[in-house]
Every structure is written in C-alpha cells, then in structure tokens.
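First comes the structure, then the notes that go with it.
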Amino acid sequence: MPHAAAKAATPNVPKVPAISGWALGTLGIALVLVAPTLWVLGIAAGPSGDIWSHLVETVLSRLIWTTLALMSGVGLGTFVIGVGTAWIVTMCRFPGQKIFEWALLIPMAVPAYVIAYVYTDLLEYSGPLQAMIRDLGGFETRRDYWFFEIRSLGGAIAMMTLVLYPYVYLLARAAFLEQSVCVLEASRTLGRGPWASFFKVALPLARPAIAVGVSLVMMETLNDFGTVDFFAVATFTTGIFDVWLNMNSPSGAAQLATVMLTFVIVLIGLERYGRRQQKFHHTSSHIRAIIGYKLRPVRAWAAFTACALPVTLGFLVPALVLGSYALDFYADTLNANFWVFTLNSLTLSATAAFIAIVLGVFLAYSLRLGRAPWLNAVARMAALGYAVPGAVLAIGILMFLGFIDNFVDGAMKNAFGVSTGLIFSGTVAAVTFGYVVRFLSLSFGAAESGLAKVTASMDGAARTLGAGPLETLRRVHLPMLKGSIMTAALLVFVDCMKELPMTVILRPFDFGTLATFVHQYASDEMLPEAALAALTIVAAGIVPVILLSYTIAKSRVSNLGGQTGLDAEDGQ
Amino acid sequence: MTGLVMERIRHAYGNAKVLKDVSIVAEPGKLTCLLGPSGCGKTTLLRLAAGLETVQDGRIFLKGKLVADGKSNFSMPPEKRGIGLMFQDYALFPHLNVFDNIAFGVRNMTAERRTWIEDALKRLGIAKHRNSFPHVLSGGQQQRVALLRALAPQPEILLLDEPFSGLDVTRRAQIREDTLTFLKECGVAVLMVTHDPEEAMFMADHIVVMKSGQVVQAGTPVQIYFHPVSAFVAELFGAMNHFDGVVEKGQLETPFGPFPIPSIPDGEKAQVLVRMEGIHVSLGSQHDLPTDCCTAIGHVVDTYLLGRSSHLHIRVPKSIHGCDANDSESIILHVRVPGVMKPEPGAKVTVWADPKQVFAFAVD
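In structure tokens:
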C-alpha cells in the first residue's frame, strides 16, 4: 500500500481564532508602518497649486530621464561585475581565488556617499591626481588638459556600481553554486565549451537570482541621497528635496514621490518574479563539489585582475584614503563632537534594531498562529518599507506625524485648553520610526525563516508535553530563533548606522549622527576632518559582510557533508 | 476506568469531511491500532485526542473525564490532558540534547524520574548518546528518543503516529519488536496509527480499520484477518483472487466448486475472495489431497521465486463443471506457497482452497 505524504497536508500548528490579539496587533502594526507611504499618496492626490504643472513643464522629464539613466547604468554595471566575478570565483581555480570568494563582498561595507566623497577628493581639480598631472605635464589651468568630471551622472553610476555590485555577486554566486554540476557537465558532454556552457546553461539558470540581485541594487540606487546630492545629479531624490525645501511645496514633493513609487512597484515586481522563478529552477538535486577549471598563468592573471579591481576600487582605495586622513586629522574629528555623534548613532541604531526585532518576531509569530488569509497580505505590506526610498518615507513620516501632532494638540486644546505643540515631529522618535519602517523586512524575514525551522509537530510535541503557548514560545521557539534574531538585529543596526536621507530630513535641529556628520563635512569640502567618522561607518559595515561570508562558507560545508534538516548552529 | 473514549466524532477541513461519525475506545494496558490507507482520517483522530485539533462534533473522554465536547465547544488544551504523542517525524527539539529532550515534559524532576530516564536510555541502547544533539542520531535512535520523550511525563495514554514509517525496512522489524516489548513493560495504554496491516497485526491487541473517515471494522487481529466484514478489510492483507457471479440456490460458482452464501438472496451479485496463501497446490501425487473440500485441476502458467515464498500463476476452469481448461472459460489463479516450488510451465497441478481463507461478500 503506497504511503503518500498527504498526511503532512493536514493543518498543523494549533491555531488561534481568526480575530485575536495577534491578528489585531498585526493589523495595527501594519497600519502604522504603511501610514507614511499612504500619506504621501494622499497628499499627492490633494491640490498643489501650480507646482505640479510647473514641474511637468520644467524638470519632470529630466528627473525621469536622469533617474532611469542612473538606474540602468548601475544595474548594468553591477550585473557585469557581479555576475562576471561570481562566475570566475565559482568555476575557475587561480591563486587568490579562495580569498576573493569573500573579499568581493567587502565593498558592500562602504556606503555610496562615503565612496563618492573619497573619489571626489581624489579626482577633483584640486585633488592629488589632477595636481600630479598638472605637475608632470606642466599645465597651468583646467583648459590645458582633459580630465573627466567625477561629479557627474557617469561618476554617480561608477560610485554606486562599485559598492552595490556585491548584491548581484552574492546572489549570482549562490545560484551558480546551487546549480547541479551535472547540468554543466551534461552541457560539456553535449559539445559546448566552457564559454558556451556559461552563456547557454549557467547564465539562463541563474537568471532569477540575478534578477533579484539587480532589482535590489536598483532599489538602493533609487534610495540614494548622499551621492546624487553631492554630485548635483538631478534625480527624483534630489528633486523631492528641492521641491520640498526650496520651492516649499510639500504636495509637489509628494507628487514627485508618487511618481517615484511607480518605479518602486516595477522593481518589487521584478524582485518577486525572480524569487518565484527561483523555486522552479532546480532540475537535479545532485550537488557535488565543483572541480573548476584550472587556469594557466596568463588567464589566471586576467582572472586575478578582474577580481582584484572591484575590491581595490570599491574598498581598498577608500579605506586607505580615509585611514591616512584619519591618522592626520583625527584630532579635528574628535574635537567636532565625534563622541556625541557616535553615541547618537549607536543609541538610535540599537533602539531601532530592538524595535524592529520585536515587531518582526511578533508579525512572524502571528502569521504562524493565524489562520486568516488577509493576515499574510497585511504583514507582507508592513515589510515593504525596504523598497520605498528614504526620501519618500521621510516626507510621509513628516506629514503623518505632523497630522498626529496637530490632532492631539487640537484635541487637548479643546478638552483642557492646553497646547501640546509638536510631540513627535522633529524628534528622535521620528528618526527611529523611519528606520523601523525601512528595515523591518530584515528582522521580519529573519524571524520568519527562523520560525520555519520549528516544524508544526515541534509545536505539537511541546504542547502535549505540557507546555502552554507562552511556555512553548520561551522554551522552544525563542531558543531556536536566537541565532537568526541576533543576525537580523546586527543587520538592522548596521543599516541604521549608514542611513542618510531619512536622518537628514527627520532629525531634530542640532542633532547629528555619524552619517549626517560625514555628509555635512564632506559637503563643506572638509572630508579629511570627518575621515575618522566615515571610517567608523565603514568598519561597522564590515560586520555583516563577515557574517555573510561565514554563512556562505557554512552552507557550502553542509552541502558537501550531505547533512539535512536540523541545523547544528541552533543546537550548540 | 476506560482509557480513551472518542464518541461520534465528526470533523471537516473546509468542505472536506475527514471523519464521519467515528467512535473508538482505547483500553488501559492494551495497544489499539488505527489501521487504514493514507487520508482515511486516522491521524486527525489522533490529533483530536491530543487536543491539537479542536473537536467540531462529538465527545472525548480520558479516564472517564470529559476533555472535549463539540456541542459546548469545550476543548481542554493539549498541555492539560496528560497525553503523550509521538510524531511521525519525531519532532525532536534541535536545540536540546537527548536527555533534555526526554526531560522536556517532566514537570517535577525527581530522583525517581531521573533514574527512570537513565534506565530507559540504557534499556533502549542509547545511553551513550545521552548528551548528543538530535541531528547526529540515526533515524532509529531518534525514534527511540521521541518514544522516551513521550513516555517520560507518565501519560495516561500514549499516541503513536506511524511510529515506524521513517525507518529503514531492514531495521523496522527489530525496532518494532523492541518497542512493543518496552511498551508492554510500561503497561501504558497505547493508540497507534499505521497504514501497514502487518505492523497492526504484530503490535495490536485491538485493531480499528478505517476507510474514508469511517470505522469499517473493529476487533482483535484474529477477527480482522479471519472474519473480515468487507472486501476492503480482507484485501488489506494483500491482493486476493476474485470470483464474481450471481448467487443461485444460495451458492456462488467458483473454480473450487460452489461456495455457499446463505446470507445473500438468490439473483444478487456477489463475489468470493480467496487469499493467495489460502490456495493449496499439489504437484500430482494423490495422497495429500483433502477429503473435505472440492479440488480443481489446473496448469501452471508462470512461477516466480520470491525468496521465502513462491508465486504461481495457475490456469483453472472458471467453474468446476467446465471440462478441461479452454481459454475462454478459464481463469488465472494467483497463488503464494511457502518455500521453493518451481514446476515447469504447463505442468498439471491440483489446487484447492482453505475454507478459512475464503470470504464471500455482496456486490453493490
């Protein structure tokens, strides 16, 4: 008699009623987190005077064109570098290959605005490189020789490509590793050479993963404020700031933000598409260690250079420049309230990380317990903040909190004749709120995948062994989640440390973080004096890179060891 | 007094009715087996007993006490019931070692309980894995840990969901035997779910056969095997030889002669089923033929050696009155005989049916 696995389909975790504290809590959290984005749409729908028609006539087409050019440029650049290096380190064996496997991730630690400040400092007219050219060539002025302008659209594309390609590299490499060697070997036996195998088999198979990577890169590009602001590249982000602050038109800014959100929707669609496709792309589960092509000297050098270049330009050069500046000017940095900014950054990021974790675990747990289908959609919507550019979120938050402040103030005036003034607007709470909205997806995703490791029968086992729901959470779920929660907390923390656009808009007057400090100084052409702070941000950014490479190394070991199911990490 | 009583349970997932008025009793000190194909609702019944599903209709009593009632929507939570449940996938906690897994449900860790666990670990041969984590254990070892974990809090009744399905076939028989001995020593009431009739026969004191959400027969293993109430129950133990026909004069015609069916009126359709191992074969010599039942003459078509037994295809006339085996009026018998029997194809043999292995049922 065949024993089908159909039994597993019977509903699993002991459920709670459709309307419960969990469901209501989820709904409440989701509403608050989505409110800023909805507010933007709401304000955009309202009247804005002549601003919109003025924008349409003047800058809109340029903003769209520039933003599109920036996104496609960065998308293409990260695609070429990310996929190329991923293929080389996965399939080829050459000196240094083992090191590049993780080293290629490091540029991820450098925020785009930091690398932009560094290269501007190096490559602008007054910078050391051009000074050297003038010395060597005996040139007097700018007109005597040609040198590219770093503060341009092309420069912005180059900067962002250098620090964002690791997203594509990471996902493409994982896809290449997961591809069964058998498929590649089949392609070889069917008469395709290594190059043809790459283009005909490996690349098409990795397409979904690459699509996810590139869409994430483009979301980051859209989110960027520091680089485009510094380079004076007219993208949507700078446009929003301009309309908001210089033209003093919140609704105009909101309308621009709405146009920007359509870009976001396309990108989310692309990402979802990639993730869906990924599930169907494993034709064979036979995974073996890739033996790899052993490269001969000339080709080995070429491979080495191809991998060394992005790491050097994306990390080594900026780190060295900042390092040497920091050595020379650390006293200036320390004098400029460095410790206060550091403390601000640490407290803000830690608070946001803590809240994000609590909410993430709550949402994931509520999904696990709940049976209402709408709950899933609601929770996922709450986690969509990662795709909404910081500038858009910031506007939404300002308007949303302003509305609440006015509402409370009015109510209090009516009831008690007391004006409460602004409670949330322009406070640290607003900044924290922004961080949580934007980075919740990290903690939510981690909690969800962590909970997925707790099978439904483990819940049942704990219950029949006498543990109630709360005791089950404490004795089974939390211990098993610990690892992924810690990782997620760290990721959120570091992302908050690096965050710039929302912090700039939402921070209280006279309040700064390391990021705003660096931005401020660099804008005033005083990068050396802020180098120590920039270096601190980069150092914090390296932590998740180490975590990532550790996870990758571990997953490969377990692939080869053939261990299935229960994960050792949570056991010991 | 009585261990577990489930009364008139109905259950549905959405529109799919998985249990349609099921009542069962699992008595203390006995091993009761729910036997049926996948999807017949037996696991749902187990989960209802444990409290992991809420009863929609019907009542559940444990040790004479009401623990769930569909009418009043009362359902005692699983942690209050004192029921042990061993999951099909074992569901060991990956973050706890073997001892801590087993001790998870023990509320009050007395010296006596600790000794019991240590002894049980030794008894089942996993004492040296006391501090190991589940992922380093083999399937059989995990199974034993899961069993001890369910037993450690001294439950009123132990529920086992397909306890041996995850095990290697070669080790299954041995582990099954060890488990049975151990459970008998513990003396706990056991309700076990399985789809394997041989396993049910081996383990159970009492078997409840289920089919699409209903109990079709309940009884001792002997009753189930020798007195099946339907073709479904009879065929649980393997495919059978079918002889279909219409009842005439209280009899149905078979190759072994007319089989009396007094319970089915004349003119109704009926079928006679004979187990493959219920047909005896004689290779020629007359002295071992039975005197108390009809025999038939047939010809060997094929033989297959299966190791412990041999499988024969034998062509016989459709009815005992038919002359020699002519194709249109003949039928192929599937016969299972112990040991090695390999007659040449075409060889003439005498066959007869063991009356205890012949069953007649009406055909709807």
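So the sequence lines, in the order shown, correspond to chains A and B.
The first sequence maps to residues -10 to 561 in our numbering.
The second sequence maps to residues 402 to 765 in our numbering.
Using N, Cα and C, we set each Cβ at its ideal position, and we do this for glycine too.
Fully enclosed by the stretch 340 to 389 of chain A, which alpha helix (DSSP H) runs are 4 residues long or longer? 362 to 371
How long is the line joining the alpha carbons of PRO744 (chain B) and THR704 (chain B), rounded to whole angstroms? 7 Å
Once DSSP output is grouped into helix, strand and coil, what is the label at ASN474 (chain B)? coil
Pull out every residue of the stretch 478 to 491 of chain B whose Cβ sits closer than 9 Å to any Cβ of chain A, in chain order. PRO478, PRO479, GLU480, LYS481, ARG482, GLY483, ILE484, GLY485, LEU486, MET487, PHE488, GLN489, ASP490, TYR491
Under a CB-based cut-off of 7 Å, is GLY281 (chain A) close to chain B? no
Please confirm if PHE505 (chain B) has its CB atom under 7 Å from at least one CB of chain A. yes
For the stretch 448 to 473 of chain A, which residues have a beta carbon sitting closer than 9 Å to at least one beta carbon of chain B? ASP448, GLY449, ALA450, ALA451, ARG452, THR453, LEU454, GLY455, ALA456, GLY457, PRO458, GLU460, THR461, ARG464, VAL465, PRO468, MET469, LYS471
Of all Cβ atoms in chain B, is any one closer than 7 Å to the Cβ of SER446 (chain A)? yes
Could you tell me the alpha carbon to alpha carbon distance between GLY374 (chain A) and VAL253 (chain A), rounded to whole angstroms? 11 Å
Span of the alpha helix (DSSP H) holding TYR705 (chain B)? Counting along the chain, TYR705 (chain B) falls outside any alpha helix (DSSP H), though it belongs to the beta strand (DSSP E) covering 697 to 706.
Any idea if LYS757 (chain B) is buried or exposed, counting beta-carbon neighbours within 10 angstroms, 16 or more meaning buried? exposed
Sorted by chain position, which residues of the same chain lie with C-beta nearer than 6 Å to TYR319 (chain A)'s C-beta, five sequence neighbours on each side aside? LEU521
Is it true that the CB of LEU420 (chain B) sits closer than 7 Å to the CB of GLY588 (chain B)? no
Alpha-carbon to alpha-carbon, VAL310 (chain A) and LYS402 (chain A): 56 Å
Where ARG411 (chain B) falls: helix, strand or coil (DSSP): strand
Cβ distance (whole Å) where GLY430 (chain B) is taken to contact ALA590 (chain B) below 8 Å: 6 Å
Expressed to the nearest angstrom, what Euclidean distance is found between the alpha-carbon atoms of ARG265 (chain A) and MET486 (chain A)? 32 Å
Nearest CA to the CA of VAL647 (chain B): which residue from B:GLN618, B:GLY747, B:ALA450, B:LYS670? B:LYS670
For ALA754 (chain B), the residue or residues it bridges with in DSSP: B:ILE680
Closer than 9 Å between beta carbons: that is the criterion. Which residues of the stretch 536 to 555 of chain B meet it against chain A? HIS536, VAL537, ALA547, ARG550, ALA551, ALA553, PRO554
Would you mind reading off the limits of the alpha helix (DSSP H) that contains ARG545 (chain B)? 540 to 552
Can you tell me which of B:CYS695, B:VAL634, B:GLY483 puts its alpha carbon nearest to the alpha carbon of ALA450 (chain A)? B:GLY483
What's the call for THR178 (chain A), buried or exposed, on a 16-neighbour Cβ count within 10 Å? exposed
C-beta neighbour in chain A for ALA450 (chain B), strict 7 Å: no
Give a yes or no on contact between the stretch 281 to 288 of chain A and the stretch 216 to 232 of chain A, applying the rule of three or more CB pairs nearer than 8 Å. no
Tell me which residues share the same chain as THR67 (chain A) and place their Cβ nearer than 6 Å to its Cβ, disregarding the 5 neighbours each side in the sequence. THR150, LEU153, TYR154, VAL157, VAL206
Own chain, CB closer than 6 Å to PHE500 (chain B), minus 5 neighbours either side, in chain order: ARG531
If you draw a straight line from the C-alpha of SER186 (chain A) to the C-alpha of TRP76 (chain A), how long is it? 12 Å
Where do the ends of the beta strand (DSSP E) carrying ILE665 (chain B) lie? That residue, ILE665 (chain B), is in no beta strand (DSSP E); it is neither H nor E in DSSP.
For GLY440 (chain B) and LEU364 (chain A), what's the separation of their Cα atoms in angstroms? 29 Å
Could you spell out the range, first to last residue, of the beta strand (DSSP E) harbouring ASN642 (chain B)? 641 to 647
Do we get a CB-CB distance below 7 Å when we pair LYS(-4) (chain A) with the residues of chain B? In this predicted model, LYS(-4) (chain A) has a pLDDT of only 32, less than 50, meaning its place in the structure is not dependable; the value taken from the coordinates is given anyway. Closer than 7 Å to some Cβ of chain B, the Cβ of LYS(-4) (chain A) qualifies, so yes.
On the three-pair Cβ rule with 8 Å, is the stretch 122 to 141 of chain A touching the stretch 238 to 256 of chain A? no
Within the same chain, show all residues whose beta-carbon is closer than 6 Å to that of ALA640 (chain B), passing over the 5 residues directly before and after it, in chain order. none
Which bits of chain A does LEU522 (chain B) rub up against, with CB to CB less than 7 Å? Result: empty, since nearest Cβ-Cβ is about 17 Å, beyond 7 Å.
Against ARG411 (chain B), what residues of chain A qualify as contacts under a CB-to-CB distance less than 8 Å, listed in chain order? The premise fails here: ARG411 (chain B) is roughly 16 Å from chain A at the closest Cβ pair, so nothing lies under 8 Å.
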